[in-house]
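Asker: Just so you know, we're using the working numbering here: the sequence shown kicks off at 1 and counts up by one. For each residue, glycine too, the CB sits at the ideal point set by N, CA and C.
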Amino acid sequence: MSTTAPAARRLPATIVRLLAGLGLAIVLVLAGAATAHAAPIAPDEPTPPAEPALGVDIEVAGDTPSTSLIVLLALTLLSVAPSLLLMMTSFTKIFVVLALTRNALGLQGVPPNQVLAGLALFLSIFIMSPVIGDVNTVAVTPYLDGATDFAGALEAAQGPLREFMVGLTREEDLALLTRAAGLPNPESPETVPMQTLIPAFMLSELRAAFIIGFVVFVPFLVIDLVVASALMSMGMMMLPPSMISLPFKILLFVLVDGWGLIITQLVGSY
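1. Mapping the DSSP letters down to three states, classify D149 as helix, strand or coil.
2. Just tell me which of I94, I212, P241 and V216 has its CA closest to the CA of V226.
3. Within the same chain, show all residues whose beta-carbon is closer than 8 Å to that of V222, passing over the 5 residues directly before and after it, in chain order.
4. Classify D173 as buried or exposed, calling it buried when 16 or more other Cβ atoms lie within 10 Å of its own Cβ.
5. Output yes or no for whether 8 Å exceeds the beta carbon distance between V166 and V192.
6. So R207 is in the alpha helix (DSSP H); what residue range does that whole segment cover?
7. Report the three-state DSSP secondary structure of G187 (helix, strand or coil).
8. Which of the three DSSP states, helix, strand or coil, is assigned to T101?
9. Helix, strand or coil for R170 per DSSP?
10. With 16 as the cutoff for other CB atoms within 10 Å, does G118 come out buried or exposed?
11. What's the call for I70, buried or exposed, on a 16-neighbour Cβ count within 10 Å?
12. Starting from L85 and walking both ways along the alpha helix (DSSP H), at which residues does that stretch end?
13. According to DSSP, simplified to helix, strand and coil, what is D134?
14. Taking the beta carbon of A147 as the centre, do at least 16 other beta carbons fall within 10 Å, making it buried, or is it exposed?
15. Using the Cβ count rule (16 or more neighbours within 10 Å means buried), how would you classify A230?
16. At the level of alpha carbons, what is the spacing between M202 and A228?
17. Taking F220 as the reference, which of T178, L77, N103 and L78 has the closest Cα?
18. So for M237, helix, strand or coil by DSSP?
Structure representation (structure tokens):
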């Protein structure tokens, strides 16, 4: 009894010491956590935002234009190429003459417009090749090599085109557009503004195209008159003269090599 009683009394004392140690440990942990939370962490310095990247790089490397700028100028040129083709080349005159020739033959859809436009396009390239070569020499090549800026290249490119158009433009058409714009008379062809020269050139080209078309119409008109008179003299007034005259007009056009004569006349006019 005496041995068991002290052991029973020591057991609660041991439990009390364990609980006290556990409580002290919890206090120390909470105190450390509070200290850690109480000491704020210094924020990092904010980094400046990166410069936004542009979609098209138009920087100039050295003295030559960048590839992006050249591509942009090429796309712009392609977008305005149809207007330049109509206003500043021989395309309009050639296409009008070919269309009038088709009407003189009495053919409504043969050859189709696509064929006439394609023929006029390649004839225009053939006629304008010296002018295009001069523009490439005096404007495009120096600009790509960095010898001149864009404004200088644009000014230099107008020289060959101006010389080509002035040589084919009538003075009456230039005077008409100059008076319509209220501008003073130019002292020389080199001083004619492009906004006056281009419409005057188109008027002169249309006039020349209609003159050639009239010359083409005359022989076919004679054939129509002869056929109509023959049908009327035979009392065949109900038969359309165009049905009889069309084979004769095609035969005459083929025998005299009509397409060759017209193309030769058109190319020779430039």
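Answerer: Looking at the atomic coordinates:
1. Coil.
2. P241
3. none
4. buried
5. yes
6. Residues M194 to S233.
7. Rather than Gly, the amino acid found at residue 187 in this sequence is Glu. Correct three-state label for E187: coil.
8. T101: helix per DSSP, three-state reduction.
9. DSSP places R170 in coil when its eight states are reduced to three.
10. exposed
11. exposed
12. It spans T67 to M88 - the alpha helix (DSSP H) in which L85 sits, taken as one unbroken run.
13. Taken through DSSP and simplified to helix, strand or coil, D134 comes out as helix.
14. exposed
15. Only exposed fits A230, as fewer than 16 other CB atoms lie within 10 angstroms of its CB.
16. Here the alpha carbons of A228 and M202 stand approximately 37 Å from one another.
17. N103
18. coil
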